[in-house]
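Numbering (the numbering used here), first residue to last: 91 to 479.
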């Protein structure tokens, strides 16, 4: 005959994150109706939108522990008492497992956008939340910088974000610096395992020194002497300094005067400037080792610096003199510049004063004299020929 009834007084007496312990009232022959019987537990739950169902044979008499469950899921279970003739079930019990610490944030979900002094980071929740996410904790610290003069001792911090805040903008960082980030999520049970990443900020343009005025130290018709001060690196060592001469052409004077100074990224030499119709040329390139202290420099001294000819300035033209510093690292080039002086055109006769035109005049004069001499020689030859006859 079938059992008289299913298991009675079934209760869950211990709830944990990954297991449940159930207890029931013991029964004898009067209930089982047979000396040969078995007791099983049937249970099911939903995890990640998938349903799991299983059945386990119980070998104990009054309690049993279901193991290998998932945290923070609703488990439906019942006991089944069966003999060779039939079976009877207990009432269904519904119980939720406890929370556990979450899994790690998916590494592939980490996205970052580095700037010079900021880093924007975003991520996704763990695939296994194991409960309700309460917080995210992010710690960071600077590991190294491309700029050997950078002080990284204070470049560290800790940030907490709420469960729905899966992004953060880190500010106050140092350019050209590699930071080590650790990110982990938590539930009410604590923090899960961390995920780590390294992010490097972009280098910044050097900080140019301040000048009280644009007045030069000295000025002649073809030269102008200015004072050079070392710039301050920001994220990468300064790779070179450049002196730039820009011709202030009349058609662009008004527009240029209303704009902020722009730096000069193309390394245009004086010889290429005329071919490219460039209004500027690099007069000198100086290594940072040659400019560790404040010192004067003469633009137009007719020497070469770093492969650039510092040719004499034309008295007939107006110029602006710019001083720029550049840093190069990780495939980036950043430039900053400042205008140091202006040089106006001479009030004297421009054709007489301009070196190029002086050369042209000399060539023309030599040609005229050579022509006159040639004419005199030919004329003397003709006269001598007639006299011999």
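C-beta atoms are modelled at their ideal positions from N, C-alpha and C, and glycine is treated no differently.
None of the values given here were measured: they were computed from a predicted structure.
Taking a 10 Å sphere around the C-beta of residue 190, we find 16 or more other C-beta atoms and assign the residue as buried.
Looking only at 430, 383, 326, 97, the smallest Cα-Cα distance to residue 151 is reached by 97.
Residue 244 sits away from residue 266, with the two beta carbons spaced by 8 Å or more. Cβ contact annotation for residue 281 (same chain, cutoff 6 Å, sequence separation greater than five): 274, in chain order. Ranked by how close their Cα comes to the Cα of residue 148, the residues 306, 130, 355 have 130 in first place. Runs of the beta strand (DSSP E) spanning 3 or more residues and lying entirely within the segment 308 to 380 occur at 314 to 318, 328 to 337, 370 to 376, in chain order. The residue from 396, 223, 105 with its alpha-carbon nearest to that of residue 183 is 105. Annotation: the continuous beta strand (DSSP E) that includes residue 425 extends over 422 to 433. Residue pairing by DSSP places residue 195 opposite no residue, since no beta bridge is assigned to it. One Cα belongs to residue 328, the other to residue 399, and the distance between them is close to 22 Å.
Out of 262, 293, 128, 215, the CA that lies nearest to the CA of residue 421 is found in 293. For a cut-off of 8 Å, the C-beta gap from residue 405 to residue 307 is around 19 Å, too long to register as a contact.
By the C-beta criterion, the segment 171 to 183 is judged not to be in contact with the segment 218 to 237, since fewer than 3 inter-stretch pairs fall below 8 Å. Out of 382, 261, 426, 471, the CA that lies nearest to the CA of residue 298 is found in 426.
Only residues of its own chain outside the window of five on either side were considered, and among them 97, 98, 99, 100, 101, 152, 153, 169, 180 have a CB closer than 8 Å to the CB of residue 114, listed in chain order. If you ignore the 5 residues before and after residue 312, its C-beta comes within less than 6 Å of the C-beta of 390, 402, 403, all in its own chain and listed in chain order. Residue 297: not part of any beta strand (DSSP E); DSSP gives it neither H nor E. Judged by DSSP secondary structure, residue 164 falls within the beta strand (DSSP E) whose first and last residues are 164 to 173. Cα atoms of residue 252 and residue 359: separation of roughly 57 Å, rounded to the nearest angstrom.
By alpha-carbon distance to residue 333, the top candidate from 277, 318, 171, 285 is 318. The secondary-structure analysis by DSSP pairs residue 413 across a beta bridge with 333, 428. Per DSSP, the beta bridge partners of residue 226 are 251, 275.
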